[in-house]
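Data block below; observations after.
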Amino acid sequence: MVEVVHTTGTLVNDRNQTLWYQKLVPQQMELRGLLLFIHGILEHSSRYTEFLNTLAAAGFAVYALDLIGHGRSEGERGYFDRHTDVVDDVDRVLHYAKAELKESHPNINKIILVGLSFGGLVTNLTLLRKTHEIHAAVLCAPAINVPRTFTLNVQAYFGSILSDNFPKWRVVPGVEATALSAESDVLAAREQDDLITTGLMCARVGNEILLAFDHVDQSKHMITLPILIVVGTLEKVVCPKSIEGFHRDIPSTDKELKVFDDMGHSLLSEANRGAVFSHITAWLTTRFDLVA
């Protein structure tokens, strides 16, 4: 069994805010690459320590940040001013992690992004920015887009006005807890987690998510790297049809959409999560060899 050393730290972003991150590194000379995990909206990275440990034990140096306004990072709970700010912070952590890893493993140059839900949206935004050479991405129940009905377009119009004038008004309905999972243990653990933000979302955040959806939809033809998408058949939070369309439309020649039966949005936390972990790990390890 590979020993994994788990440490935490903080960084200051370009807006002078403190970001909390954690790092899990297997104690071995050979590694497969640097992997950054990006969590979902209103939650935090420490909910997924078991998953992160699994990835580290498979040979990856794993980093995970708490997004601004989330978890142990600074900022008003659940708030960010622009979706580009979140991508800036991902860039900041990646620059730091690359430099730090180079000191101990100078030959490791592969970078993988793994994003869950909103973190999947942030992953796509990071890929499209192309600041870093990313070698693969895993999207877990990713927020890709939503069908633009007349009602949603009306809501988006008024939402943009609120975003401009009252950005921190909490008027955007959040996700009902029961939509996240059909498993009571998952919901109970979430309820007891003091680092989870609940209730309505800020107008600015809701509007920025819609803007990010549009950007990804308009630019998805630029996503050509190997990509794995995992989703459950009981998904009730993000849009499976949008995920299927995204998978179909991106020009990557190495892409897979894996659907897990009887699993919901919280597929990294549910009872059968081991099957999800195994599939993701196998997909990654077949593409990234150990390098000294």
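Residue numbers (full-length UniProt numbering): 1 to 292.
Don't be surprised by glycine CBs; every beta carbon is placed ideally from N, CA and C.
Exercise for the section: Go to Y63, then tell me how far its beta strand (DSSP E) extends in each direction, as first and last residue. Expected result: On the sequence shown, residue 63 is found 63 positions in, with the first residue counted as 1. Run containing Y63: 60-65, per the beta strand (DSSP E) assignment.
Handout entry: Outcome for T18 when other beta-carbon atoms lying within 10 angstroms are tallied against a minimum of 16
Key = Counting from one through the sequence shown, the residue named residue 18 turns up at place 18. Classification of T18: exposed, given that the 10 Å Cβ count is below 16.
Exercise for the section: In the DSSP assignment, find the unbroken alpha helix (DSSP H) run with residue 298 in it and report its ends. Expected result: Missing from the structure shown is residue 298; the chain here goes from 1 to 292 and no further.
Practice task
Could you tell me whether the region 100-117 touches the region 66-79, using the rule of 3 or more Cβ pairs below 8 Å?
Solution key: No, they do not touch.
Handout entry: Check whether Q27 and T8 have beta carbons under 7 Å apart
Key = Taking the sequence shown and counting its residues from 1, one reaches residue 27 at position 27. Taking the sequence shown and counting its residues from 1, one reaches residue 8 at position 8. At the C-beta level, Q27 and T8 stay beyond 7 Å of one another.
Problem - Nonlocal neighbours in the same chain, by C-beta distance under 8 Å from V4, ignoring five residues either side - result: Counted from its first residue, the sequence shown places residue 4 at position 4. Exclusion of the five residues before and after V4 leaves L24, V25, P26, Q27, N53, A56, A57 as the residues of its chain whose Cβ lies within less than 8 Å of its Cβ.
Practice task
Taking only the alpha-carbon atoms, compute the straight-line gap between N153 and A203 and give it to the nearest angstrom.
Solution key: Locating residue 153 in the sequence shown gives position 153, counting from the first residue. Locating residue 203 in the sequence shown gives position 203, counting from the first residue. Whole-angstrom Cα-Cα distance: 15 Å.
Problem - Nearest-angstrom Cβ-Cβ length linking L139 and G120, presumed shorter than 8 Å - result: Locating residue 139 in the sequence shown gives position 139, counting from the first residue. Locating residue 120 in the sequence shown gives position 120, counting from the first residue. About 4 Å separates the beta carbons of L139 and G120, which is inside the 8 Å limit, making them a contact pair.
Practice task
For the beta strand (DSSP E) containing H132, list its first residue and its last residue.
Solution key: Position 132 of the sequence shown, counted from the first residue, corresponds to residue 132. For H132, there is no enclosing beta strand (DSSP E), as DSSP gives it neither H nor E.
Practice task
Compute the Euclidean distance between the alpha carbons of G40 and R190, then round it to the nearest angstrom.
Solution key: As a working mapping, residue 40 is identified with position 40 in the sequence shown. As a working mapping, residue 190 is identified with position 190 in the sequence shown. Taking the straight line joining both Cα atoms gives about 13 Å.
Problem - Residue range of the unbroken beta strand (DSSP E) whose run includes E256 - result: Numbered from 1 along the sequence shown, position 256 holds the residue referred to as residue 256. Unbroken beta strand (DSSP E) run through E256: 255-260.
Practice task
Look at I196 and I223 and say whether their C-beta atoms are less than 7 Å apart.
Solution key: Counting from one through the sequence shown, the residue named residue 196 turns up at place 196. Counting from one through the sequence shown, the residue named residue 223 turns up at place 223. Contact flag unset, no.
Handout entry: Spatial distance of L162 from T198 (CA atoms)
Key = Indexing the sequence shown from 1 puts residue 162 at position 162. Indexing the sequence shown from 1 puts residue 198 at position 198. Our two residues, L162 and T198, have alpha carbons roughly 20 Å apart in a direct line.
Practice task
Give the range of the beta strand (DSSP E) segment to which R170 is assigned.
Solution key: As a working note, residue 170 is residue 170 in the sequence shown. Note, R170: beta strand (DSSP E), 170-172.
Handout entry: Secondary structure of M1, DSSP reduced to three states
Key = The count along the sequence shown starts at 1 and reaches residue 1 at position 1. In the three-state reduction of the DSSP assignment, M1 falls in the coil class, being assigned neither a helical nor a strand state.
Problem - Among D254, R248, E235, Y96, the one whose alpha carbon lies nearest that of H265 - result: In the sequence shown, counting from the first residue as 1, residue 265 sits at position 265. Answer by Cα proximity: E235.
Exercise for the section: Name the two residues that bound the continuous alpha helix (DSSP H) containing I280. Expected result: Start at 1 with the first residue of the sequence shown, and residue 280 comes out as number 280. Annotation for I280: the continuous alpha helix (DSSP H) segment containing it runs 273-285.
Exercise for the section: Using the Cα positions of H215 and N145, report the straight-line distance between them to the nearest angstrom. Expected result: One-based indexing of the sequence shown puts residue 215 at position 215. One-based indexing of the sequence shown puts residue 145 at position 145. Between H215 and N145, the C-alpha separation is close to 10 Å.
Exercise for the section: My understanding is that S117 touches V238, with C-beta atoms under 8 Å, so please give their C-beta distance in whole angstroms. Expected result: As a working mapping, residue 117 is identified with position 117 in the sequence shown. As a working mapping, residue 238 is identified with position 238 in the sequence shown. In this structure, S117 and V238 form a Cβ contact; the two beta carbons are roughly 7 Å apart against a cut-off of 8 Å.
Exercise for the section: Please confirm whether K255 and I209 have their CB atoms less than 7 Å apart. Expected result: Mapped onto the sequence shown, residue 255 falls at position 255. Mapped onto the sequence shown, residue 209 falls at position 209. No, Cβ-Cβ distance for K255 and I209 is not below 7 Å.
Problem - Limits of the alpha helix (DSSP H) - the one that F166 falls within - result: As a position in the sequence shown, residue 166 is number 166, starting the count at 1. Careful: F166 lies outside any alpha helix (DSSP H) and carries neither H nor E.
Exercise for the section: Determine the contact status of A137 and T123, defining contact as a CB-CB distance below 7 Å. Expected result: Residue mapping note: residue 137 aligns to position 137 of the sequence shown, counting from 1. Residue mapping note: residue 123 aligns to position 123 of the sequence shown, counting from 1. A contact, by the Cβ cut-off of 7 Å.
Practice task
Select from K258, R170, A177, Q218 the residue whose C-alpha is nearest the C-alpha of V205.
Solution key: Counting from one through the sequence shown, the residue named residue 205 turns up at place 205. Considering only alpha carbons, the answer is R170.
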